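K.L.:
Just so we're aligned, residue 1 is where the sequence shown starts under full-length UniProt numbering, counting upward by one.
First the structure, which I've put down as structure tokens, then a few questions once you've had a look.
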Amino acid sequence: MRDFTASHEALSLNTATVRKQWSLDRIIDECAKRNIRAISPWRDQVASVGLKETAQRLRETGIVLSGYCRGGFYTAPDKQGLLAALDDNRRAIDEAKTLDAPCLVLVVGALPGALIGAASYKDLGRARQEVADGIAASLEYARNVGMPLAIEPLHPMQAAERACINTLEHALDICDALDPARTGMLGVALDLYHVWWDPKLEQQIQRAGRDRLLAYHVCDWLTPTRDLLNDRGMMGDGVIELKKCRSWVEAAGYSGFAEVEIFSEQWWNRPGEMVLDTCIERHTTVV
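Below, the structure is given as structure tokens:
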């Protein structure tokens, strides 16, 4: 397993971690000051600065991407909605390519309308089929563009609203069905916040291997968790066995960035400088 204690060169920052404090251009500058070599930005943050402007700023600072957030949300109540989702994912793929991202992360979607408390239907099987069909269509376009897709399984508590793929095993089943040759164009984004609890986690990480492990996200699970979305913990403040999990990921062949992604009202209410400095410190001590 790699030694992180001497430097934070393997640290990437998911820009959601300080989205309430700073705009994306400021985030890039602050990362450059701290020699944070990689980020994973969100589409709305990129849009607020401008796609070409973001690409230029990344080139100027030498910062690369560890991923691009996000595509997905394939489910819809009707055919028109399904087609609109495919169009949006094509745009996301193009944006990821412009920014030279190594992958586009997919949060696949679930029961349409559930996020606002008005699900259009309750058939989770239908949602999962729409997701599989949507990924298949996006994969065809992604192959032409040369942009790998990374399915992110989300914790079961978000199965209704955000993602109906909830285990690494399920995500890999879809990868095997759609990309049996393991071409490197379809894999997973492994976010420990969502999968740390899975009794099959080590086994499925081994199954994924280097070809499927396209991104690796870290934070911590607090006890008690007070909010299902915005109460993630800083690494070391919760119960996830971070080093053990990283040992499994690296034993499977992953050698990329460990991307810090923290949705937290607590950390959003602290100065951005403090958040980044804490991320660096925890990355070298507990990740």
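Glycine included, every Cβ here is placed at the ideal spot set by N, Cα and C.
Computed from a prediction, not measured in an experiment: that's the story for all the values here.
#1: Whole angstroms are fine: how far does the CA of Val287 sit from the CA of Gly236?
#2: Can you name, in chain order, every residue of its own chain whose Cβ lies under 7 Å from the Cβ of Ala10, other than the five neighbours on each side?
#3: For Leu186, which residues does DSSP report across the bridge?
#4: Which class does Tyr254 belong to by DSSP, given the choice of helix, strand or coil?
#5: Within a Cβ cutoff of 8 Å, which residues of the same chain sit near Glu241, ignoring the five residues on either side of it in sequence?
#6: Are at least three pairs of beta-carbons, each pair with one atom in the segment 223-235 and one in the segment 244-252, less than 8 Å apart?
#7: Considering only the alpha carbon of each residue, which of Asp44, Pro102, Asp29, Lys20 lies closest to Ala215?
#8: Quick check on this structure: which residue in Gln80, Arg143, Gly71 has the alpha carbon closest to the alpha carbon of Arg91?
#9: Applying the criterion that 16 or more other CB atoms from any shown protein chain within 10 Å of the CB defines a buried residue, is Gln56 buried or exposed?
#10: Are three or more beta carbon pairs between the segment 31-47 and the segment 106-118 nearer than 8 Å?
#11: Would you give the residue range spanned by the beta strand (DSSP E) that Gly71 belongs to?
#12: Excluding five sequence neighbours on each side, which residues of the same chain lie with their C-beta closer than 8 Å to the C-beta of Arg269?
#13: Taking DSSP as the reference, what is the three-state secondary structure of Asn89?
#14: Hey, does Glu140 have any beta-carbon neighbour from chain C nearer than 8 Å?
#15: Does the contact criterion of 3 or more C-beta pairs under 8 Å hold for the segment 77-84 versus the segment 143-150?
P.N.:
So, from the listed chains and residues:
#1: 8 Å
#2: Arg2, Phe4, Phe257, Ala258
#3: Leu149
#4: coil
#5: Trp196
#6: The segment 223-235 is not in contact with the segment 244-252.
#7: Residue Pro102 holds the alpha-carbon nearest to the alpha-carbon of Ala215 among Asp44, Pro102, Asp29, Lys20.
#8: Gly71
#9: exposed
#10: no
#11: 68-72
#12: According to the sequence displayed, residue 269 carries Asn and not Arg. If we look at Asn269 and ignore the five residues flanking it on each side, its Cβ neighbours are Lys20.
#13: Correct three-state label for Asn89: helix.
#14: Here there is only one protein chain, and chain C is not present.
#15: Taking a contact to require three or more Cβ pairs closer than 8 Å, the segment 77-84 and the segment 143-150 do not qualify as touching.
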